[in-house]
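Undergrad: Mind looking over this structure? Questions follow.
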Amino acid sequence: MKLIKGYPEYMWESIEKVEETREERLKSTIPRMSLEEREEILRKFHPDYKEGTKREVRIGPNKGDVFYNEIVDLLESKPLIDPDEIDLSSVDYDVDILIIGGGGAGTVAALWAYESGIPKDNILIVTKLRHGDSNSMMAQGGIQAADRPEDSPVIHFLDAYGGGHFTNKPELVKALVMDAPFIIKWHEELGVMYDRDENGEFIEISGGGTSRFRLHAAKDYTGMEIMRVLREKARNIGIPVLEFTSVIELLMDDRGRVAGGIAVNMETQEYIVIRAKATILATGGSGRLHLQNFPTTNHYGATGDGLVLAYRVGAKLRDLDAAQYHPTGAVYPEALVGLLCTEKLRGFGAVPVNKDGETFVHPLEPRDVESAAYIRECYERNKGVETPTGLRGIWLDTPMIEEIHGEGTIDRYFAAMKRQFGRFDIDISKQPILVFPTLHYQNGGVEIDEYAQTSVPGLFAAGEVTGGVHGKNRLMGNSLLDYNVFGRRAGIYAAKYVKKVKLGKLSLEHVRKYVKMLEEAGIKTDRKAPILLPDYRGKKALSRALDIF
Amino acid sequence: MKKEDVEEKAGTVEVFIMGKSYRVPANLTIMKAIEYAGYRFIRGCGCRAGFCGACSTVYRRENEQKLRFALACQKLVEDKMYLVQLPFVPADQAKYDLEKLKPDENVLLRVYPEIARCVACNTCTKTCPQDIEVMKVIQAAIRGDIKKCAELSFDCIQCGLCAMRCPADIKHYHVAQLARVLYGKHLMPKSKNLEKRIKEIEEGKFDEEIDRLIKLSKENKEEIVRMYKEREIEE
Chain A
701 MKLIKGYPEY MWESIEKVEE TREERLKSTI PRMSLEEREE ILRKFHPDYK EGTKREVRIG
761 PNKGDVFYNE IVDLLESKPL IDPDEIDLSS VDYDVDILII GGGGAGTVAA LWAYESGIPK
821 DNILIVTKLR HGDSNSMMAQ GGIQAADRPE DSPVIHFLDA YGGGHFTNKP ELVKALVMDA
881 PFIIKWHEEL GVMYDRDENG EFIEISGGGT SRFRLHAAKD YTGMEIMRVL REKARNIGIP
941 VLEFTSVIEL LMDDRGRVAG GIAVNMETQE YIVIRAKATI LATGGSGRLH LQNFPTTNHY
1001 GATGDGLVLA YRVGAKLRDL DAAQYHPTGA VYPEALVGLL CTEKLRGFGA VPVNKDGETF
1061 VHPLEPRDVE SAAYIRECYE RNKGVETPTG LRGIWLDTPM IEEIHGEGTI DRYFAAMKRQ
1121 FGRFDIDISK QPILVFPTLH YQNGGVEIDE YAQTSVPGLF AAGEVTGGVH GKNRLMGNSL
1181 LDYNVFGRRA GIYAAKYVKK VKLGKLSLEH VRKYVKMLEE AGIKTDRKAP ILLPDYRGKK
1241 ALSRALDIF
Chain B
42 MKKEDVEEKA GTVEVFIMGK SYRVPANLTI MKAIEYAGYR FIRGCGCRAG FCGACSTVYR
102 RENEQKLRFA LACQKLVEDK MYLVQLPFVP ADQAKYDLEK LKPDENVLLR VYPEIARCVA
162 CNTCTKTCPQ DIEVMKVIQA AIRGDIKKCA ELSFDCIQCG LCAMRCPADI KHYHVAQLAR
222 VLYGKHLMPK SKNLEKRIKE IEEGKFDEEI DRLIKLSKEN KEEIVRMYKE REIEE
């Protein structure tokens, strides 16, 4: 296949149309949809509304609720361990606070637990990959905080609540927007290099569904910059981290409180007993479950483990019928399929355009609405561009960015994007990129209150694993904020909680009960969960693999 | 078109995973090719998108002497590639208390004295999968130019390949991290808007309005929907 500037020859007819209409596009935009129009397009085209993709939960605290099939599969799976084979009399780690997950939320929780007076050696982070491997690391666009005079936490509240279709838990939204400026201040003190003007004011842009310029960014490496600063701080303090170790079941005590977990060394498969007075769930999202076979922007370990762990101890979940499909995932080149093309590109003026060079939706609708519009354009109106592997996408006209903001803008603010496409000979400052919605974020999860407590004593949760903060749709820039706000709160309130806890006898009785509950509901399955890592082995190799070593 | 058909159409190449030959579809990244061959990653795989530095890979092409470097998730396989991944980098971050460090021109040398051993061989720069001018980062660090060190290194994903290749045992990515936090903390000008907003929140300026929204969300949803619809949008 002959490629010209990274694209197959046949795509150039369409690219030229995009170039022809650019001038006009720079002058006028398409109006935003009304709430009624939004609802209609969501109902018709958003993947959340597709039939046959969800079912009722048959057991546990959410019995009767409808969640995505893949999530219900997790909940209706057998445990990885047989409680009879685990020796709870020998405790390997005895700590005040166990933190499950070494991404953004877990690291922030550890730092604030330490700040709140818990000695470092009484904190333990357990993470299945390396410290910092997480979706937090991959966030590009930015973090919201209403700190400009034209803005206020009240407006931020309205944006987040309306963006979530008024289904968010309002107390959590309050915590999110009111803590936001303090989080940015804390980052400033830690040394995060946010983009600023010469006076020190942050360069803030707009995201989908936000009514003010509110996004703070560090180029398009915002998530990475924050994560590596947090990790450096945790390493300097010397907070213990067990890497390549997964918690596969929570422990309880005989009074029904969560009391640590059973972990497994991913490499030797040896199990480890961790007793903790409080446990913070910070396991992140579930993009690697590939809901409806969508590709995902998520990191390798995003398999929804926390949902299973929490459900087995009886914690309530919510909003797992709504997943976030990021409108602009790459669909070409093949090697980048599903990867995130930051919303910040649209924040800086890039507009989505169909194969004939026509604009068809305002570039900054909330993510679910924007995604639905791209799906409509490709599959109802047939105005998408087909890739050599049979996928369809629409153009995101990135060259508009430098037309608006001047040459060098892409280099300065979009180094990651430019590098990523540049590796495949596509210069995003000169050519548009081909995009389609990709599975991005778990909107719901384990329900928490404003103290980051779940419905089960001793179990706290923060970050993407939780539900309620964003309702059924999260706005851009509120996830980096979420993990900071609630990670911090989890650390602080868990530190408070442990001071008055005296644990009873450790128990895995809840696991036995769960297995019994599955049987009683007539659920017969060989599935086991948590699944820990996805399996991408080639079909041929996998079909001949013998389990002998 | 099915995924398998696509793979077949692209043809196959021969790669050597840790010396062992496998035939894999030509349009795969190194990471996906290793999986196609039947490996399941525990190490050597993280974000799969070029942001985390977990999958640094050393490779050599047949009939070449030169070792080359890439991220397995970002580089396509080529015929006759000899591949190995780097599962871990044994280079320690120095211990320091950022609160007590002053951003003076000797601070980087004090915390990481080994940077003075740099022989300017430029191997680090040639190794970097992000194309960062790593040697210039270290030269700036030696000169005490924290700003330059921070800015030049900003796109670093901390894969550690530079440190593994350095004949002087410099830990470039840790040095650069220190430069960046010193720059962010001490040398970047601070936002006055942020200070002002924090003061307003502490004084309770928004409490009443926010609590009203919470109340409306429970008692009068139509009103809050109206407020949302009518809110002004900054363009």
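Line order of the protein sequences matches chains A and B.
Just so we're aligned: the first sequence equals residues 701 to 1249 in our numbering.
Just so we're aligned: the second sequence equals residues 42 to 276 in our numbering.
Where is the CB? At the ideal position from N, CA and C, for every residue including glycine.
Treat the numbers as computed from the prediction; the structure is a model and nothing was measured.
(1) Can the beta-carbon of S1146 of chain A be found less than 9 Å from the beta-carbon of L872 of chain A?
(2) Comparing C-alpha positions only, which one of A:Q969, A:L1040 and A:L1020 sits nearest to P995 of chain A?
(3) Going by the DSSP bridge assignment, what does T1138 of chain A pair with across the sheet?
(4) Cα separation between A1072 of chain A and T168 of chain B?
(5) Against chain B, does E898 of chain A count as a neighbour if the rule is that its beta carbon must be under 9 Å from one of theirs?
(6) Assuming D954 of chain A is part of the alpha helix (DSSP H), what are its boundary residues?
(7) Going along the region 970–989 of chain A in order, which residues come within less than 8 Å of chain D, judged by CB to CB distance?
(8) What is the DSSP secondary structure of V1008 of chain A, reduced to helix, strand or coil?
(9) Which stretch, first to last residue, makes up the alpha helix (DSSP H) that contains I972 of chain A?
(10) Does the structure place the region 1109–1118 of chain A close enough to the region 67–83 of chain B that three or more beta carbon pairs sit under 8 Å?
(11) With a cut-off of 8 Å on the beta carbons, I'd call T732 of chain A and H1062 of chain A a contact; round off their distance for me.
(12) From L877 of chain A to I903 of chain A, what does the alpha carbon distance come to, in whole angstroms?
(13) Could you spell out the range, first to last residue, of the alpha helix (DSSP H) harbouring K189 of chain B?
(14) For M42 of chain B, would you say it is in contact with chain A, using Cβ-to-Cβ distances shorter than 9 Å as the test?
(15) Is V877 of chain A helix, strand or coil by DSSP?
(16) Once the 5 residues before and after Q1131 of chain A are set aside, which same chain residues still bring their CB inside 8 Å of it?
(17) Tell me the residue span of the beta strand (DSSP E) that contains P66 of chain B.
(18) What ranges does the beta strand (DSSP E) occupy inside the region 1035–1083 of chain A, keeping only unbroken runs of at least 3 residues that lie completely in it?
(19) In angstroms, rounded to a whole number, what distance separates the CA positions of L1242 of chain A and L742 of chain A?
(20) Return yes when at least one heavy atom of the ligand COA lies under 8 Å from the C-beta of K874 of chain A, else no.
(21) Let's test the definition: count the other Cβ atoms within 10 Å of the Cβ of Y710 of chain A and tell me whether it reaches 16, buried, or not, exposed.
(22) Below 8 Å on the Cβ atoms is my contact criterion, and I expect S836 of chain A with G804 of chain A to pass it. Report the Cβ-Cβ distance as a whole number of Å.
(23) Where do the N-terminal and C-terminal ends of the alpha helix (DSSP H) with R738 of chain A fall, by residue?
(24) Is the beta carbon of W665 of chain A less than 9 Å from the beta carbon of N1184 of chain A?
(25) Are A809 of chain A and G1171 of chain A touching if we call contact CB-CB under 9 Å?
(26) Count the other C-beta atoms from every protein chain shown that fall within 10 angstroms of the C-beta of Y768 of chain A, then say buried if there are 16 or more, exposed otherwise.
(27) Could you give the DSSP three-state label for Y707 of chain A: helix, strand or coil?
(28) For I902 of chain A, write down the residues that DSSP places opposite it in a beta bridge.
(29) Please tell me whether F857 of chain A has its Cβ less than 9 Å away from any Cβ of chain B.
(30) Going by CA-CA distance only, name the one from B:V152, B:K237 and B:R221 that's closest to L890 of chain A.
(31) Starting from M1217 of chain A, trace the alpha helix (DSSP H) in both directions and tell me its first and last residue.
(32) For chain B, find out if any of its Cβ atoms is closer than 9 Å to the Cβ of I759 of chain A; answer yes or no.
(33) Leaving out five residues before and five after I825 of chain A in sequence, what residues of the same chain have Cβ atoms less than 6 Å from its Cβ?
(34) Give me the chain B residues within the contact set of R912 of chain A, using Cβ-Cβ distance strictly less than 7 Å, ordered along the chain.
(35) Taking just the CA atoms, how far does R1174 of chain A sit from K1213 of chain A?
(36) When you compare each of A:H1026, A:G1049 and A:L1036 to I1075 of chain A by their alpha carbons, which one comes out closest?
TA: Working from what's here:
(1) Looking at the sequence itself, residue 1146 of chain A is Val, so the reference to Ser does not match. Contact flag unset, no.
(2) A:L1040
(3) A:H1026
(4) 42 Å
(5) yes
(6) Segment: none, D954 of chain A is in no alpha helix (DSSP H) and carries neither H nor E.
(7) Looking for chain D here will not work: the only protein chains present are A and B.
(8) helix
(9) Per DSSP, I972 of chain A belongs to no alpha helix (DSSP H); it is in the beta strand (DSSP E), Y971 to L981.
(10) no
(11) In the sequence under discussion, the amino acid at residue 732 of chain A is Arg, which differs from the Thr named in the question. Rounded, the Cβ-Cβ distance is 5 Å, consistent with contact.
(12) Looking at the sequence itself, residue 877 of chain A is Val, so the reference to Leu does not match. Going from the Cα of V877 of chain A to the Cα of I903 of chain A covers about 19 Å.
(13) I187 to L193
(14) At M42 of chain B, the pLDDT of 42 sits below 50, so the modelled position is not reliable; the number obtained from the coordinates is stated separately. So, interface residue.
(15) helix
(16) K705, G706, Y707, I715, T1098 and P1099
(17) K61 to P66
(18) 1051–1053
(19) 38 Å
(20) With respect to the ligand COA, the structure shown offers nothing to examine, as it has no ligands at all.
(21) exposed
(22) 3 Å
(23) L735 to F745
(24) Lying before the first or after the last residue shown, residue 665 of chain A is absent from chain A, which here runs from 701 to 1249.
(25) no
(26) buried
(27) strand
(28) For the sequence presented, residue 902 of chain A should be read as Phe rather than Ile. The partner list for F902 of chain A (beta bridge, DSSP) reads A:R896.
(29) yes
(30) B:R221
(31) E1209 to E1220
(32) no
(33) I799, G802, G806, A810 and V941
(34) E275
(35) 35 Å
(36) A:H1026
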